[in-house]
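K.L.:
I have a structure I would like to understand better, so I am pasting it below and will then ask my questions one at a time.
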Amino acid sequence: MTATLTFGPPATSPGRATFTALAIRETRRLVLNPVFLFAVAFITFVLWAGPDAGQTEIDTANPYPAIFLGGFGMMATYWLTRSMRASEPVVGVTPVTQPVRTAALCAVAIVPFGCGCLALLRFVQLIPVSSPLYGAFSPSARVAVLVGQIVIPALGGPLLGVALGRWVRFPGAAFVLFLLLYGWVSVVTILSMSHANSALVAVLRLFAPFAFFSLHNDAGGVTAWRGSPWFFIGWQLALCAIAVLVALLRGAEGRVRTRIIRALGIAGVAALILLVLAALGGFTHPLTA
Amino acid sequence: MATASISLRDVGRTFGATRALAGVDLDLRPGVTGLLGPNGAGKTTLLRLLATALPPSQGQVRVLGLDPEVPAERTGIRRQLGYQPQEVGFPRGFTAFAFVDYIALLKEWTQPAARHAEVRRVLDLVGLSDLGAKRIRAMSGGQRRRVSLAQALLGSPAVLILDEPTTGVDPEQRVVLRAVLAELARTSVVVLSTHQTEDVAALCERVIVLDRGRVRYDGPVTELTGQAAGRVWLADEPDPAASISWRTGTGRYRNVGGRARDGVEHVEPSLEDAYLLLRGGSPEHEPAQGVAS
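What follows is the structure, encoded as structure tokens:
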């Protein structure tokens with residue numbers, strides 16, 4: 460026969476309070492991370508302190524938040540996630556399960572997301588939505604393009620960093636993935652320049668967490684490419700959900716694991732549908748305005 | 008008779024083809040239980056099982072009446088558990104206070120004032136109250152060991168599992184830590200694995216000797232030590248009749264085991280003598296601390 464001893468630490472409050480306190484702690488760690496601080500400083504310089512006059516095209520400026528808040532944010536959260544790995548023998552036997560700790564890490568993405576929102580506001584201030592620099596898109600589609608290029612990558616990159624940190628041991632994995640994504644977006648963008656009318660190239664261009672929707676040509680006009688910016692946002696959000704679920708899957712067990720796997724399946728199907736809709740929607744052929 | 012707080016029934020654990028533990032039956036109650044055994048005997052595996060860090064391959068483990076294989080019950084155990092692993096890494100840039108504070112948060116101490124007070128208390132217990140602001144990476148091995156012990160002491164847990172807690176810790180601090188653990192053991196189940204037999208002798212009422220994954224001895228420390236009575240003697244030279252001899256601090260030789268000649272100067276055996284005899288009197292099996300062959 461065994462007996463349960465009832466004493467334990469005083470002043471404990473399990474559950475939501477622990478999650479909130481942990482998320483705040485991890486957020487504080489992120490905002491003090493040198494990589495993330497550099498990224499924010501650079502974006503601040505580019506969008507606020509940098510030269511804002513004479514902006515003649517949007518595609519030279521709007522990748523910066525994706526690169527720095529998304530890409531560098533991914534590297535920062537990857538480091539944040541990995542930093543406790545050495546202490547796992549201790550951390551792993553605390554009452555807070557790994558999925559809860561992962562969720563707290565995912566919650567820090569709210570900071571780069573907020574930075575992305577501020578960057579969007581500043582960008583719209585620099586180049587109003589009514590500007591002809593956006594090309595043939597409607598005003599709402601222009602906003603969707605900017606949200607998909609500035610705000611969502613700032614959210615998705617850090618989430619991807621957490622997922623990567625949970626599953627990959629290689630210390631430079633986030634940097635390698637950043638280079639791969641950068642390379643992929645560059646390649647499919649170059650392909651789109653030469654095959655602007657191709658549906659396959661449009662799918663390849665949109666099959667990424669970041670995509671360009673227009674090209675400023677030398678004659679001063681702007682060519683709007685195929686694809687729906689709104690459905691592209693849906694695709695990006697589905698990717699964010701997949702990143703969170705993949706991160707949470709690590710260490711999950713029992714019913715929680717089953718639910719996560721089921722949700723992953725749903726998110727995967729949703730992502731696929733949204734990618735197809737993004738490729739089929741919008742303009743059916745390039746439009747130069 | 009007191010009821011058991013931890014029980015193991017026919018517990019085994021394998022890693023691939025390697026059998027780390029086999030057929031272990033134990034009941035542990037409040038007090039300090041020492042775990043001795045040579046390297047690879049299964050001590051760390053047993054402690055990881057008790058700390059819910061590892062599931063058994065076979066058998067049944069109950070900690071505080073809860074089943075660690077059931078997720079909700081495992082969390083219940085962890086709420087009352089302190090665990091100092093054999094090796095623990097520390098995140099870069101963390102101070103001692105920040106690390107223990109982070110672990111306290113994971114132990115659901117969400118009220119900052121109470122948590123900080125508790126962190127200060129445990130750092131004080133391990134003699135690090137003045138070094139709380141020092142980065143762990145800049146600390147000595149013994150100081151890091153005390154940081155990892157401090158986090159285990161958070162909340163005075165009902166079950167405290169310590170894997171070689173005094174390794175690298177200076178003698179003065181070891182004496183202090185013994186007092187801390189003895190006080191905690193009034194109400195808690197404390198299990199410590201160590202190669203320092205003097206720590207076991209000073210702290211534990213009970214000792215378990217593991218060998219090749221099986222319990223070789225389980226009983227009072229005094230009883231094990233008593234088994235060496237009359238088999239330890241001092242001489243000016245190593246005695247060829249002894250199983251093992253080594254030079255003491257006085258320059259004389261301590262001879263253990265074998266057949267003592269008539270007229271030799273018998274001395275009171277230590278736990279180390281008894282442990283070596285239990286192990287077959289051969290130091291090759293176990294390079295125990297402080298023993299020179």
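Chains as they are written, first to last, in the numbering used here: chain A, 460 to 748; chain B, 8 to 300.
By construction, the Cβ of each residue, glycine as well, lies at the ideal position given by its N, Cα and C atoms.
Bear in mind that the values here come from a model prediction, so they are computed numbers and not experimental data.
On the criterion of 16 or more Cβ atoms from any shown chain inside 10 Å, does A:Thr635 qualify as buried, or is it exposed?
P.N.:
Mapped onto the first sequence, residue 635 of chain A falls at position 176. The amino acid at residue 635 of chain A is misidentified as Thr; the sequence shows Val. Burial call: exposed.
K.L.:
Can you grab the Cα-Cα spacing for the pair B:Ala235 / B:Thr204, in whole Å?
P.N.:
Within the second sequence, residue 235 of chain B is the residue found at index 228, counting from 1. Within the second sequence, residue 204 of chain B is the residue found at index 197, counting from 1. Taking the straight line from one Cα to the other gives about 14 Å.
K.L.:
Can you find a CB in chain B that lies within less than 7 Å of the CB of A:Thr477?
P.N.:
As a position in the first sequence, residue 477 of chain A is number 18, starting the count at 1. Taking Cβ atoms only, chain B reaches closer than 7 Å to A:Thr477, which makes this a yes.
K.L.:
Which same chain residues, not among the five before or five after A:Ser589, have their C-beta less than 8 Å away from its C-beta?
P.N.:
Along the first sequence, one-based indexing puts residue 589 of chain A at 130. Cβ within range, chain order: Pro598.
K.L.:
How would you call A:Met652, buried or exposed, if buried means at least 16 neighbouring beta carbons within 10 angstroms?
P.N.:
On the first sequence, residue 652 of chain A is found 193 positions in, with the first residue counted as 1. Label assigned to A:Met652: exposed.
K.L.:
If you run the structure through DSSP and keep just helix, strand and coil, what is A:Phe634?
P.N.:
Position 175 of the first sequence, counted from the first residue, corresponds to residue 634 of chain A. Helix.
K.L.:
Using a C-beta to C-beta distance shorter than 8 Å, which residues of chain A count as neighbours of B:Leu88?
P.N.:
As a working note, residue 88 of chain B is residue 81 in the second sequence. Within chain A, the residues near B:Leu88 are Val552.
K.L.:
Given B:Lys141, which residues of its chain have a CB within under 7 Å of its CB, disregarding the five upstream and five downstream residues?
P.N.:
Taking the first residue of the second sequence as 1, we reach residue 141 of chain B at position 134. Within the same chain, B:Lys141 has close Cβ partners Thr102 and Ala103.
K.L.:
Quick check: the Cα distance between B:Gln158 and A:Val705, rounded to an integer number of angstroms?
P.N.:
By 1-based counting over the second sequence, the position of residue 158 of chain B is 151. By 1-based counting over the first sequence, the position of residue 705 of chain A is 246. Distance between the alpha carbons of B:Gln158 and A:Val705 is about 30 Å.
K.L.:
Rounding to the nearest angstrom, what Cα-Cα distance links B:Arg185 and A:Phe669 in this structure?
P.N.:
Your numbering for residue 185 of chain B matches position 178 in the second sequence. Your numbering for residue 669 of chain A matches position 210 in the first sequence. Looking at the two C-alpha atoms, the distance is approximately 59 Å.
K.L.:
Residue ranges of each beta strand (DSSP E) run of no fewer than 3 residues wholly in the segment 17-61 of chain B, ordered along the chain?
P.N.:
Listed in chain order, the complete beta strand (DSSP E) runs (minimum 3 residues) inside the segment 17-61 of chain B are 25-35 and 38-43.
K.L.:
Taking C-beta pairs closer than 8 Å, name the residues in chain A that B:Val95 reaches, listed in chain order.
P.N.:
Translated into the one-based positions of the second sequence, residue 95 of chain B becomes position 88. Here the neighbours are Ala545, Ser546, Pro548 and Val549.
K.L.:
Between A:Ile526 and the rest of its own chain, which residues show a CB-CB distance below 8 Å, the 5 nearest in sequence each way excluded?
P.N.:
The residue you call residue 526 of chain A lines up with position 67 of the first sequence. Contacts found: Tyr641.
K.L.:
Distance, Cα to Cα, A:Phe691 vs B:Leu161?
P.N.:
Numbered from 1 along the first sequence, position 232 holds the residue referred to as residue 691 of chain A. Numbered from 1 along the second sequence, position 154 holds the residue referred to as residue 161 of chain B. Distance between the alpha carbons of A:Phe691 and B:Leu161 is about 49 Å.
K.L.:
In chain order, what residues of the same chain lie with their CB nearer than 6 Å to the CB of B:Pro245, ignoring the 5 residues before and after it?
P.N.:
Here residue 245 of chain B is taken as the residue at index 238 of the second sequence, counted from 1. Cβ within range, chain order: Ser252 and Tyr260.
K.L.:
I'd like to know if A:Ala722 contacts chain B, where contact means its C-beta is closer than 7 Å to some C-beta of that chain.
P.N.:
For the purposes of this step, residue 722 of chain A is taken as residue 263 along the first sequence, with counting starting at 1. Judged by the 7 Å Cβ criterion, A:Ala722 is not in contact with chain B.
K.L.:
To the nearest whole angstrom, what separates the beta carbons of B:Val39 and B:Val31, a pair I think is in contact under 8 Å?
P.N.:
What you label residue 39 of chain B is simply residue 32 of the second sequence in a count that begins at 1. What you label residue 31 of chain B is simply residue 24 of the second sequence in a count that begins at 1. At roughly 19 Å, the Cβ-Cβ gap does not stay under 8 Å, so B:Val39 and B:Val31 are not in contact.
K.L.:
What is the C-beta distance between B:Ala248 and B:Gly265, in whole angstroms, given that I count them as a contact (C-beta under 8 Å)?
P.N.:
Your numbering for residue 248 of chain B matches position 241 in the second sequence. Your numbering for residue 265 of chain B matches position 258 in the second sequence. With 8 Å as the limit, B:Ala248 and B:Gly265 qualify as a contact, their Cβ atoms being about 5 Å apart.
K.L.:
Quick check: the Cα distance between B:Ala61 and B:Thr52, rounded to an integer number of angstroms?
P.N.:
Taking the first residue of the second sequence as position 1, residue 61 of chain B is located at position 54. Taking the first residue of the second sequence as position 1, residue 52 of chain B is located at position 45. The sequence given here places Leu at residue 61 of chain B; Ala does not occur at that position. One C-alpha to the other measures close to 8 Å.
K.L.:
Under 7 Å between the Cβ atoms of A:Pro745 and A:Thr648?
P.N.:
Position 286 of the first sequence holds residue 745 of chain A. Position 189 of the first sequence holds residue 648 of chain A. No.
K.L.:
Would you list the one or two residues that DSSP bridges to B:Tyr260?
P.N.:
Counted from its first residue, the second sequence places residue 260 of chain B at position 253. B:Ala242 and B:Arg254.
K.L.:
Threshold first: 4 residues or longer. Then list the alpha helix (DSSP H) segments lying entirely within the segment 659-740 of chain A, N to C.
P.N.:
As far as the segment 659-740 of chain A is concerned, its whole alpha helix (DSSP H) runs of at least 4 residues are 688-708 and 713-739.
K.L.:
Could you check the C-alpha separation between A:Trp413 and A:Val570 for me, to the nearest Å?
P.N.:
Coverage of chain A is limited to positions 460 through 748, which leaves residue 413 of chain A absent and any answer about it impossible.
K.L.:
Sort B:Gly134, B:Ile168 and B:Leu167 by Cα distance to B:Val154 and report the nearest one.
P.N.:
As a first step, residue 154 of chain B is located in the second sequence; it is residue number 147 there, counting from the start. For B:Val154, the nearest C-alpha among the options comes from B:Gly134.
K.L.:
According to the neighbour-count rule (16 or more other Cβ atoms, all chains shown, within 10 Å of its Cβ), is A:Thr519 buried or exposed?
P.N.:
For the purposes of this step, residue 519 of chain A is identified with residue 60 of the first sequence, where counting begins at 1. Under this definition A:Thr519 is an exposed residue.
K.L.:
By how many angstroms is the C-alpha of A:Val660 removed from the C-alpha of A:Phe742?
P.N.:
Indexing the first sequence from 1 puts residue 742 of chain A at position 283. Indexing the first sequence from 1 puts residue 660 of chain A at position 201. Rounded to whole angstroms, A:Phe742 to A:Val660 spans 14 Å at the Cα level.
K.L.:
What are the boundary residues of the beta strand (DSSP E) that B:Pro178 is part of?
P.N.:
Position 171 of the second sequence, counted from the first residue, corresponds to residue 178 of chain B. First-last for B:Pro178: Pro178 to Leu191, but that is the alpha helix (DSSP H), not the beta strand (DSSP E).
K.L.:
Using a 10 Å radius around the Cβ and a threshold of 16 neighbouring Cβ atoms, would you call B:Glu171 buried or exposed?
P.N.:
The residue given as residue 171 of chain B occupies position 164 in the second sequence. That one is buried.
K.L.:
For B:Gly202, name the three-state secondary structure that DSSP assigns.
P.N.:
The count along the second sequence starts at 1 and reaches residue 202 of chain B at position 195. The displayed chain sequence assigns His, not Gly, to residue 202 of chain B. It is coil, neither helix nor strand.
K.L.:
Less than 6 Å between C-beta atoms, sequence neighbours within five positions excluded: which residues of the same chain meet that for B:Asp206?
P.N.:
Your numbering for residue 206 of chain B matches position 199 in the second sequence. Thr173.
K.L.:
Rounded to a whole number of angstroms, what is the C-alpha to C-alpha distance between B:Arg221 and B:Val70?
P.N.:
As a working mapping, residue 221 of chain B is identified with position 214 in the second sequence. As a working mapping, residue 70 of chain B is identified with position 63 in the second sequence. Those two C-alpha atoms are separated by around 20 Å.
K.L.:
From B:Gly287 to B:Gly83, what does the alpha carbon distance come to, in whole angstroms?
P.N.:
For the purposes of this step, residue 287 of chain B is identified with residue 280 of the second sequence, where counting begins at 1. For the purposes of this step, residue 83 of chain B is identified with residue 76 of the second sequence, where counting begins at 1. If I take the Cα positions, the gap works out to 42 Å.
K.L.:
Could you tell me how far apart the beta carbons of A:Gly616 and A:Met533 are, in whole angstroms, since I believe they sit closer than 8 Å?
P.N.:
For the purposes of this step, residue 616 of chain A is taken as the residue at position 157 of the first sequence. For the purposes of this step, residue 533 of chain A is taken as the residue at position 74 of the first sequence. With 8 Å as the limit, A:Gly616 and A:Met533 qualify as a contact, their Cβ atoms being about 4 Å apart.
K.L.:
If distances are taken between C-alpha atoms only, which option among A:Ala562, A:Leu580, A:Arg625 and A:Phe531 comes closest to A:Leu496?
P.N.:
Counting from one through the first sequence, the residue named residue 496 of chain A turns up at place 37. Nearest C-alpha to A:Leu496: A:Phe531.
K.L.:
Consider the Cβ of A:Ser713: report whether some Cβ of chain B lies at a distance smaller than 7 Å.
P.N.:
On the first sequence, position 254 is the one that residue 713 of chain A refers to. Ser is not the amino acid found at residue 713 of chain A; the sequence shown has Gly there. True, the Cβ-Cβ gap to chain B drops below 7 Å.
K.L.:
Can you tell which of A:Phe582, A:Glu547 and A:Ala482 has the C-alpha that lies nearest to the C-alpha of A:Ile609?
P.N.:
As a working note, residue 609 of chain A is residue 150 in the first sequence. Among A:Phe582, A:Glu547 and A:Ala482, the Cα nearest to that of A:Ile609 is on A:Phe582.
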